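Start counting the sequence shown at 261; every next residue gets the next number (my numbering).
Even glycine gets a Cβ: it sits at the ideal position worked out from N, Cα and C.
Since this is a predicted model, take the numbers as computed values, not measurements.
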Amino acid sequence: MRDNFEVRKYDGAGRLGKLTVPRSGVTVETPALLPVVNPHVQTISPAQLESEFGAEILITNSYIIYGSDQLREPAVEEGLHEMLDFSGAIMTDSGSFQLAEYGDIDVTTEEILQFQHTIGSDIGTPVDIPTPPDVPREQAKSEWETTRDRLSTAESVDTDEMLVTAPVQGSTYPELRERAAREAAETSLDLFPLGAVVPLMNEYRYDDLVEVVAASKRGLPESTPVHLFGAGHPMMFALAAALGCDLFDSAAYALYARDDRYLTVRGTRHLEDLEYFPCECAVCSAHTPTEVEQMDEDDRHRLLAEHNLAVSFGEIRRVKQAIQAGTLFELVETRVRGHPTLVDGYRTLLDYAEQLGTTDPITKDSFFYLSADSARRPEVNRYHDRLERLDVPEHLLITTGQHSDRYDESWRLVPPFGPVPRSLSDVYPLTATRPERLDNAAYEAAAEGVARLVESNPETTVTVVHDGWPDGVFTTISDTVEIHDYKLEEQTDDASDRDCNS
Ligand code: GUN
Ligand code: ZN
């Protein structure tokens, strides 16, 4: 592994980074989108990808070029950059995807890597085996062993300055993915694509996708660049970035356009179902859906591809800005509302709050509590862990109201965090902004915080005073803790006052 990736800033496991690509001497800012360029038919030219959409890197298929009488010669003679007319970084795939689709390809890892090197690729790929989801474990394991052998072959091919990827396979077996990732990282290879996830995305299995990514990430050292193979839908960029994926490749922009499908950050729409274009890009500003529908096929597909690219690159910029501002989780929470299966993906991601928390910055500008899911964010989890280390007095009041002299100290009771010493009130994430009308999850998480504090301080007597929190949220707290609902007690006091006066 070379020292070719540098992280500048984290949010969760999401990060802004720089990938240095030595062969053409360029650096690529990550998260980055690699448009897939079909070497035969280019809906949008690589030059246009670069000048109009700001593509710093693209991906094309060396196996298609290798097998084509028209393309092979020019690629060898001129090199890929000249042939495609692109000055950024060029990554090449190996034909593994064709292998998965058609069952057989007639090239070895050695041959295709040498060919990728010959045609001037910046980042080459060995012939890994993309094992589909749900196959028997033995198959997943034995195919991964083949992939592992190919990685080992790849290490011994002289590829000079070309970076070489080490795809991570293992089907839908998290422990296999983790092991595959760990062993891939032990090679001298440079970049780590997570493979065979396209079927999961096609079937909207975002929960399984998150399991696969989270497991692979556990096997990889923190500072390794990770590519999510075939992830081209902008609705899932924020989610994948929050898990720590740095590179995405998109054939979707062109494939969907050819099907008259229109990408949005909230999902896919069919052109014929649109009365208005919900987008600000040049295409959508200049045309109506009806106009585009009436164009000839080539123009229609080109315009849809341009829109699809504009949305995809725009979303990558939004993800980058969100990491920069420390608001990636807020963006993810918004994006996953585009589809219920993405909500499942997000909830699965939150199962790994602790894993994501290891790189999450200690402080950010703001924490917006947006839904019950926010109660499971890494910041809440981390605060609960931190509670165990706080000094507590003998008699502690934890209250949504005022201090009382009857106790040594009073701390604030703050959903979803729980007990907050007054000295920490202005410290992130305890400065979170919440809706007035909270869900039970916020109160339950706060109660969990109280429970954690009580468990780690058995000597302290704790009294909790809240203002009308829902019944039942305090069930996790030991019954040695006195809990008062002062709203309820006020009413009872009022009632007994009235009784006395009458
Ligand atoms: N493109 C999409 N998925 C894969 C994969 O698993 N391996 C390779 N090499 N390319 C892919
Ligand atoms: Zn548009």
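- Bridge partners of Y270 according to DSSP: R275.
- By the criterion of a C-beta distance shorter than 8 Å, E696 is surrounded by no residue of its chain, once the five residues flanking it on both sides are discounted.
- Inclusion of V387 and Y612 in the CB contact set at 9 Å is not warranted, their separation being larger than that value.
- Placement of the Cβ of T320 at a distance of 8 Å or more from every heavy atom of the ligand GUN is found.
- In chain order, the residues with a C-beta atom nearer than 6 Å to some heavy atom of the ligand GUN are D353, S354, S356, F357, T385, D388, P390, P427, G455, A456, V458, F489 and G490.
- Excluding the 5 residues flanking it on each side, F452 has same chain C-beta neighbours closer than 8 Å at T425, A426, P427, V428, A441, A444, A445, S476, L480, T484, P485, V486 and H487, in chain order.
- Under a 10 Å Cβ-count criterion, I372 is classified as buried, with 16 or more other Cβ atoms of the shown protein chains found around its own Cβ.
- Shown here for G490: same chain residues with a beta carbon closer than 6 Å to its own, the five before and five after excluded, namely V458 in chain order.
- Short of 7 Å from the beta carbon of N700, and not among the five residues preceding or following it, lie these beta carbons of its own chain, in chain order: P730 and V733.
- Comparing alpha-carbon positions, the option among E482, P549 and Q554 lying closest to L616 turns out to be E482.
- Measuring C-alpha to C-alpha distances from D651 to each of T608, Y688, P718 and L294 identifies P718 as the nearest.
- Going by beta carbons, L344 and I317 fall outside the 9 Å limit.
- Contact between the region 621 to 633 and the region 525 to 536 is absent: fewer than three C-beta pairs spanning the two stretches fall below 8 Å.
- In the DSSP assignment, L499 is bridged to no other residue.
- Look at W404 here: in three-state DSSP terms it is helix.
- Judged by DSSP secondary structure, T352 falls within the beta strand (DSSP E) whose first and last residues are A349 to D353.
- If you check the CB distance, F628 and T693 come in under 9 Å.
- Contact between the region 509 to 521 and the region 562 to 577 is present: 3 or more CB-CB pairs across the two stretches fall below 8 Å.
- Judged by DSSP in its simplified three-state form, A711 adopts helix.
- Counting along the chain, L569 sits inside the alpha helix (DSSP H) bounded by residues E557 to A585.
- By the neighbour-count criterion, in which a residue is buried when 16 or more other Cβ atoms sit within 10 angstroms of its Cβ, N321 is buried.
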